[in-house]
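Novice: Each residue of the sequence shown is one higher than the last, beginning at 16 in the working numbering. Quick reminder that beta carbons are idealized off the backbone N, C-alpha and C, glycines included. Small disclaimer: the values here were computed from a predicted structure and weren't measured. Please read through the structure below; I'll follow up with questions.
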Amino acid sequence: MATYPLKVHEKRMECDDTASLWLDVPQDLTGAFTYRPGQFLTVENDDGGELIARQYSLSSCPGAHAKLRITVKKIEGGRMSAWLVDRTQEGDYLDVQIPRGRFFKDLDAPHHVLMLAAGSGIAPILSIGRWLLESAQGHAVTIVYGNRTPETVILADEVAEIAERHADSCRVEQVMSRADDSWTGARGRIDRAYIEARFDDWRAASDLPMVVYMCGPEGFMDSAESALMGAGLPSGAIHRESFDMILEDDETKPGLEVTAEDDTGEEGPTSRIVAIVGGEEYEADWQEGEDILSALLRAEADVPFSCQEGTCSSCISKLTAGKVEVRPGVLQTLRKDDLEEGLTLACLSRPLTRNIRIDFDEI
Ligand SMILES: Cc1cc2nc3c(=O)[nH]c(=O)nc-3n(C[C@H](O)[C@H](O)[C@H](O)COP(=O)(O)OP(=O)(O)OC[C@H]3O[C@@H](n4cnc5c(N)ncnc54)[C@H](O)[C@@H]3O)c2cc1C
Ligand code: FES
Numbered sequence: 016m017a018t019y020p021l022k023v024h025e026k027r028m029e030c031d032d033t034a035s036l037w038l039d040v041p042q043d044l045t046g047a048f049t050y051r052p053g054q055f056l057t058v059e060n061d062d063g064g065e066l067i068a069r070q071y072s073l074s075s076c077p078g079a080h081a082k083l084r085i086t087v088k089k090i091e092g093g094r095m096s097a098w099l100v101d102r103t104q105e106g107d108y109l110d111v112q113i114p115r116g117r118f119f120k121d122l123d124a125p126h127h128v129l130m131l132a133a134g135s136g137i138a139p140i141l142s143i144g145r146w147l148l149e150s151a152q153g154h155a156v157t158i159v160y161g162n163r164t165p166e167t168v169i170l171a172d173e174v175a176e177i178a179e180r181h182a183d184s185c186r187v188e189q190v191m192s193r194a195d196d197s198w199t200g201a202r203g204r205i206d207r208a209y210i211e212a213r214f215d216d217w218r219a220a221s222d223l224p225m226v227v228y229m230c231g232p233e234g235f236m237d238s239a240e241s242a243l244m245g246a247g248l249p250s251g252a253i254h255r256e257s258f259d260m261i262l263e264d265d266e267t268k269p270g271l272e273v274t275a276e277d278d279t280g281e282e283g284p285t286s287r288i289v290a291i292v293g294g295e296e297y298e299a300d301w302q303e304g305e306d307i308l309s310a311l312l313r314a315e316a317d318v319p320f321s322c323q324e325g326t327c328s329s330c331i332s333k334l335t336a337g338k339v340e341v342r343p344g345v346l347q348t349l350r351k352d353d354l355e356e357g358l359t360l361a362c363l364s365r366p367l368t369r370n371i372r373i374d375f376d377e378i
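So this is what it looks like as structure tokens:
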């Protein structure tokens, strides 16, 4: 997919290993870079002759900030994160794709939004939390933010600032797993035991129906989700964003079917795949065994993609005609009700009907 050079306006070290980069959006690109809270940018870089691409959630908030901000934690031995945190400077340009992702879907009525973040997982949580509070739609927000020590906490000043500005509707609970005795707040990990111990208190903070947004390591989110479901929350009320790049897909399990809502397609051998991207229409033929993304890339369609293995969320798209079979690993990124709406990941999907129409804009 096309990338655009965006200038690094400001770089701020949040702690030893994490940097925030504020990016300027030129006037003629403001439409293309309009985003929903919780979406991410894909950054590309030439790393020793190899083009690498990685996703970074926007920690800025639409409406509140004119510039875009990503907040990057340096991973030991990481190719992109080390370059962004250690070597990128103010005035440099980053090649970035337009915002993608569907972590957050607007809420149609006031809710109590419980937000669980671990470490750099605060990036999309802060964006969504601020947006919910500043949109003045009557939501109550509880942010539970876990870190090792106070020195490793990132974006803490902003979390505190929105909590103070919306003191009647926002509560923040910081939890440290390895703080010294000077820390007087909550201690531990946000694990099953912590959630079970705190859930009734969180619930009592508001009578509104509860939804949960969480972001952090996969293991943290697995145990949080199972504790929340054990406390009575339906799975449809729990939304997760994964930064992990490993697909958990059981090869022995059959695929899941996704069918377009309005046009279920004609049975028979697939002959044509049509994709809508950036308002343009691309057409591809299909070769037995290949996934939809591969067919579109062979036809040189300008579709968003990066990992090609179901982990980065870049190829989220909506089926508008026909039926596909998608690998069950898709549930790491999308939920069952997303699939029922026709959403899928093109790189994990194979066509089941004669014609397929798939829209990468309408996500
Ligand atoms: C939708 C999405 C949003 C994301 N948002 C953010 C964000 O806001 N901030 C942020 O810092 N990162 C974010 N990430 C993670 C980011 O895309 C990269 O995976 C991360 O920066 C590592 O890339 P790298 O090139 O430095 O490491 P690589 O060179 O790819 O990997 C180096 C080593 O680190 C391991 N590794 C890779 N990724 C991770 C990880 N996330 N945690 C632990 N170990 C890892 C690899 O297995 C490998 O051993 C996001 C990922 C996704 C899919
Ligand atoms: S290209 Fe990464 S999820 Fe499909």
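(1) For the alpha helix (DSSP H) containing F214, list its first residue and its last residue.
(2) What is the DSSP secondary structure of S238, counted as helix, strand or coil?
(3) Spell out the partners DSSP gives W37 in its beta bridges.
(4) Short of 7 Å in beta carbon distance, which residues of its chain neighbour L147, apart from the five on each side in sequence? Order them along the chain.
(5) Can you tell me which of L56, V100 and S75 puts its alpha carbon nearest to the alpha carbon of G116?
(6) Taking just the CA atoms, how far does D121 sit from Y50?
(7) For T359, count the other beta carbons within 10 Å of its own beta carbon; 16 or more makes it buried, fewer makes it exposed. Which is it?
(8) Is it buried or exposed for M130, if we count other Cβ within 10 angstroms and need 16 for buried?
(9) Is the segment 207-222 in contact with the segment 241-252, if contact means three or more CB pairs nearer than 8 Å?
(10) Hey, P306 and A361 are a contact pair by Cβ (cut 8 Å); roughly how many whole angstroms apart?
(11) Bridge partners of R202, per DSSP?
(12) Spatial neighbours of G136 within its chain, please: C-beta separation below 6 Å, excluding the five flanking residues on both sides.
(13) From G280 to A124, what does the alpha carbon distance come to, in whole angstroms?
(14) Hey, T348 and A275 are a contact pair by Cβ (cut 8 Å); roughly how many whole angstroms apart?
(15) Answer with buried or exposed for Y108, where buried requires no fewer than 16 other C-beta atoms within 10 angstroms of its C-beta.
(16) Counting Cβ pairs closer than 8 Å, one from the segment 194-204 and one from the segment 216-227, do we hit at least three?
(17) Take S221 and list the residues in its own chain whose beta-carbon comes closer than 7 Å to its own, dropping the five residues that flank it on each side.
(18) Could you say if the segment 62-69 and the segment 84-98 meet the contact criterion of at least three C-beta pairs nearer than 8 Å?
(19) Count the other C-beta atoms from every protein chain shown that fall within 10 angstroms of the C-beta of M16, then say buried if there are 16 or more, exposed otherwise.
(20) Given this structure, state the Cα-to-Cα distance separating S329 from F118, to the nearest angstrom.
(21) Determine whether the Cβ of Q152 lies closer than 8 Å to any Cβ atom of chain C.
(22) Could you name the residues of the same chain whose beta carbon sits closer than 7 Å to that of I380, not counting the 5 residues immediately before and after it, in chain order?
(23) If you draw a straight line from the C-alpha of D237 to the C-alpha of M260, how long is it?
(24) For G144 and A182, what's the separation of their Cα atoms in angstroms?
(25) Residues around ligand 2, please: the condition is that the C-beta lies closer than 7 Å to some non-hydrogen atom of it.
(26) Under 8 Å, do E173 and L141 count as touching if we go by C-beta distance?
(27) Can you grab the Cα-Cα spacing for the pair M28 / S35, in whole Å?
(28) Measuring from the CB of G116, is there a heavy atom of ligand 1 at a distance below 7 Å?
(29) Of the residues G293, V341, D61 and A175, which one's Cα is nearest the Cα of I378?
(30) Say yes only if the C-beta of M260 is nearer than 7 Å to one or more non-hydrogen atoms of ligand 1, and no if none qualify.
(31) How would you write the range of the alpha helix (DSSP H) that R313 sits in, first residue to last?
(32) Measure how close the beta-carbons of E324 and L262 come, nearest whole angstrom, since I'm counting them as under 8 Å.
(33) Flag this pair as yes or no: are the beta carbons of I85 and S74 separated by less than 8 Å?
(34) Note down, in chain order, each residue of its chain lying with its Cβ closer than 6 Å to the Cβ of S72, except the 5 sequence neighbours on either side.
(35) Under the three-state reduction of DSSP, which class applies to V345: helix, strand or coil?
(36) Could you check where the alpha helix (DSSP H) with D121 kicks off and where it finishes?
Specialist: Short version:
(1) Along the sequence shown, one-based indexing puts residue 214 at 199. R207 to A219 is the extent of the alpha helix (DSSP H) around F214.
(2) Here residue 238 refers to the residue found at position 223 of the sequence shown. The answer is helix: DSSP assigns S238 an H, G or I state.
(3) The sequence position of residue 37 within the sequence shown is 22, counting from 1. E25 and R84, per the DSSP bridge assignment.
(4) The residue labelled residue 147 in the question sits at position 132 within the sequence shown. Cβ within range, chain order: V128, H154 and V156.
(5) Working through the sequence shown from its first residue, we reach residue 116 at position 101. The option with the nearest alpha carbon to G116 is L56.
(6) Position 35 of the sequence shown, counting from 1, holds the residue named residue 50. Position 106 of the sequence shown, counting from 1, holds the residue named residue 121. Taking the straight line joining both Cα atoms gives about 12 Å.
(7) Numbered from its first residue, the sequence shown carries residue 359 at position 344. Buried, by the Cβ-count rule.
(8) The sequence position of residue 130 within the sequence shown is 115, counting from 1. The residue is buried, with at least 16 neighbouring Cβ atoms inside 10 Å.
(9) yes
(10) As a first step, residue 306 is located in the sequence shown; it is residue number 291 there, counting from the start. As a first step, residue 361 is located in the sequence shown; it is residue number 346 there, counting from the start. The residue asked about is misnamed: residue 306 is Asp in this sequence, not Pro. That belief holds up - the Cβ atoms of D306 and A361 are roughly 7 Å apart, short of 8 Å.
(11) Here residue 202 is taken as the residue at index 187 of the sequence shown, counted from 1. Per DSSP, M191.
(12) Within the sequence shown, residue 136 is the residue found at index 121, counting from 1. Within the same chain, G136 has close Cβ partners C230 and G231.
(13) Residue numbering aside, residue 280 sits at position 265 when the sequence shown is read from its first letter. Residue numbering aside, residue 124 sits at position 109 when the sequence shown is read from its first letter. Those two C-alpha atoms are separated by around 34 Å.
(14) Reading the sequence shown from its first residue, position 333 is the one you call residue 348. Reading the sequence shown from its first residue, position 260 is the one you call residue 275. Not really, about 19 Å apart at Cβ, beyond 8 Å.
(15) Against the sequence shown, residue 108 aligns to sequence position 93. Exposed: under 16 other Cβ atoms inside 10 Å.
(16) no
(17) Here the question's residue 221 lines up with position 206 in the sequence shown. Cβ neighbours of S221 beyond the five flanking positions: H127 and A155.
(18) yes
(19) Locating residue 16 in the sequence shown gives position 1, counting from the first residue. Looking at its Cβ environment, which holds 16 or more other Cβ atoms inside 10 Å, M16 is buried.
(20) Here the question's residue 329 lines up with position 314 in the sequence shown. Here the question's residue 118 lines up with position 103 in the sequence shown. Distance between the alpha carbons of S329 and F118: 12 Å.
(21) Annotation note: the requested chain C is absent from the structure, which comprises a single protein chain.
(22) Residue 380 lies beyond the stretch modelled for the chain, which goes from 16 to 378, so this question has no answer here.
(23) The residue you call residue 237 lines up with position 222 of the sequence shown. The residue you call residue 260 lines up with position 245 of the sequence shown. Each residue's alpha carbon lies about 15 Å from the other.
(24) Locating residue 144 in the sequence shown gives position 129, counting from the first residue. Locating residue 182 in the sequence shown gives position 167, counting from the first residue. Looking at the two C-alpha atoms, the distance is approximately 13 Å.
(25) L308, F320, S321, C322, Q323, E324, G325, T326, C327, S328, S329, C330, T348, L360, A361, C362 and L363
(26) Translated into positions along the sequence shown, residue 173 becomes position 158. Translated into positions along the sequence shown, residue 141 becomes position 126. The answer is yes: Cβ separation under 8 Å.
(27) For this step, residue 28 is matched to residue 13 along the sequence shown. For this step, residue 35 is matched to residue 20 along the sequence shown. Cα-Cα distance, rounded: 6 Å.
(28) For the purposes of this step, residue 116 is identified with residue 101 of the sequence shown, where counting begins at 1. Yes, the Cβ of G116 comes within 7 Å of a heavy atom of ligand 1.
(29) Here the question's residue 378 lines up with position 363 in the sequence shown. Among G293, V341, D61 and A175, the Cα nearest to that of I378 is on G293.
(30) Here residue 260 is taken as the residue at index 245 of the sequence shown, counted from 1. At least one heavy atom of ligand 1 is nearer than 7 Å to the Cβ of M260, so yes.
(31) Numbered from 1 along the sequence shown, position 298 holds the residue referred to as residue 313. Here the alpha helix (DSSP H) through R313 covers I307 to R313.
(32) Locating residue 324 in the sequence shown gives position 309, where the first residue counts as 1. Locating residue 262 in the sequence shown gives position 247, where the first residue counts as 1. Indeed, because the Cβ distance is near 6 Å, the residues count as touching under 8 Å.
(33) Within the sequence shown, residue 85 is the residue found at index 70, counting from 1. Within the sequence shown, residue 74 is the residue found at index 59, counting from 1. Cβ distance < 8 Å, so I85 and S74 count as in contact.
(34) By one-based count along the sequence shown, residue 72 stands at place 57. So the qualifying residues of the chain are F55, A138 and P139.
(35) Position 330 of the sequence shown, counted from the start, is the residue given in the question as residue 345. Three-state DSSP puts V345 in a helix.
(36) By 1-based counting over the sequence shown, the position of residue 121 is 106. Taken as a continuous stretch (DSSP letters only), D121 belongs to no alpha helix (DSSP H), as it is neither H nor E.
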